[in-house]
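Shown next, in structure tokens, is the structure this report addresses.
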Amino acid sequence: MTREPGAQALWLELPPISADAPKRLLVFLHGAGSSAERFAPIAISWLLKFPGATGAILHALRPSGAGSGGDWFDSLGTAETLAPRVQAAGRQVAQRIEALQHASGLGGRDTVVIGFSQGATLALEVARSRPDLLGIAVSYSGRMIPPPRNGEPPGPAIHLLHGELDSVVPVIHSQQAHRRLAANGTHVTLDILEEHGHSIGQDMIILGTTRVMQTLFRHRRPQPKPSVRPVLH
15 MTREPGAQAL WLELPPISAD APKRLLVFLH GAGSSAERFA PIAISWLLKF
65 PGATGAILHA LRPSGAGSGG DWFDSLGTAE TLAPRVQAAG RQVAQRIEAL
115 QHASGLGGRD TVVIGFSQGA TLALEVARSR PDLLGIAVSY SGRMIPPPRN
165 GEPPGPAIHL LHGELDSVVP VIHSQQAHRR LAANGTHVTL DILEEHGHSI
215 GQDMIILGTT RVMQTLFRHR RPQPKPSVRP VLH
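Numbering (the numbering used here), first residue to last: 15 to 247.
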């Protein structure tokens, strides 16, 4: 766990599994009320698919309103009142990504940011505000705050994954983001998993890693067929 002197832990770092595989930086952002340690099993599952990658699970430093773990921002309020909090939290995350890139010698082209719930909202925020810091953003059960605006410049590739039965962050948020991002020219995918709620299961991990691999190699070979039917418009 990396810390600043006299401060809370900033992230939990996971070393590459293989020195021979392509080097990448995978940055993970946990959900509200969670922690880097609790998110580690998901991060490890991702690293098994990208064995040359260094993993960094960032830890939210705001005490959780649920009494355990950390939150990235106060989630109470409307999209209008939430936007400045999300932007402030996004700047903090961007600073940590920059520190990780400096330490690893890797740049935005080799960086993938994966978030869940509040963490997904921040992954999308960093993709919007600092597109130079990452090549791909993966949003599990996320919400883009504020929603993409018409004419907003396209950013890095974005993969949205959402459970159809999510009652915490309704799937409509990913559907709206997908439509608007696609209209603005962003390379974006949306996969809605039936019978899934507000969680990340193994099938979501498999689909998320597959989407990232498709993006990384889409200019080198034909894309494999997805394991679930994508949303078409």
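For each residue, glycine too, the CB sits at the ideal point set by N, CA and C. Predicted model, so just to flag it, every value in this text is computed and none were measured.
Bridge partners of E94 according to DSSP: none are assigned.
By the 16-neighbour rule on beta-carbons within 10 angstroms, L195 is buried. Cβ neighbours of G47 within its own chain (closer than 7 angstroms, five residues either side excluded): S78, A80, S82, G83, D85.
With contacts defined as CB atoms closer than 7 angstroms, I159 and L96 qualify as a contacting pair. Contact annotation, D146 with R38: C-beta distance approximately 16 angstroms; criterion of less than 8 angstroms not satisfied. The Cβ neighbour count for F231, taken over all protein chains shown within 10 Å, is under 16; the residue is labelled exposed. Bridge partners of F42 according to DSSP: I71, I128. DSSP lists S48, P77 as the beta-bridge partner residues of G84. For the pair G104 and S153, the CB atoms are not nearer than the 7 angstroms cut-off.
In this structure, H44 places its C-beta atom within 7 angstroms of the C-beta atom of G133.
Listed in chain order, the non-local C-beta contacts of L179 below 7 angstroms within the same chain comprise E209, H210, G211, local neighbours out to five positions each way being set aside. According to the DSSP assignment, G177 belongs to the beta strand (DSSP E) that extends over 171-177. The beta-carbon distance between F42 and G69, rounded to whole angstroms, is 7 angstroms. This is short enough to meet the 8 angstroms contact definition.
By the Cβ neighbour-count rule, D205 is buried, with 16 or more other Cβ atoms within 10 Å of its own. Going by beta carbons, L40 and V126 fall inside the 7 angstroms limit. Distance from the Cα of F130 is smallest, within the candidate group E27, G222, D34, for G222. When DSSP states are grouped into helix, strand and coil, S89 belongs to the coil group.
Straight across, the Cα-Cα distance linking P170 with H116 is about 20 angstroms. V183: not part of any alpha helix (DSSP H); DSSP gives it neither H nor E.
With respect to the C-alpha of P167, the residue from V185, A141, I214 having the closest C-alpha is A141.
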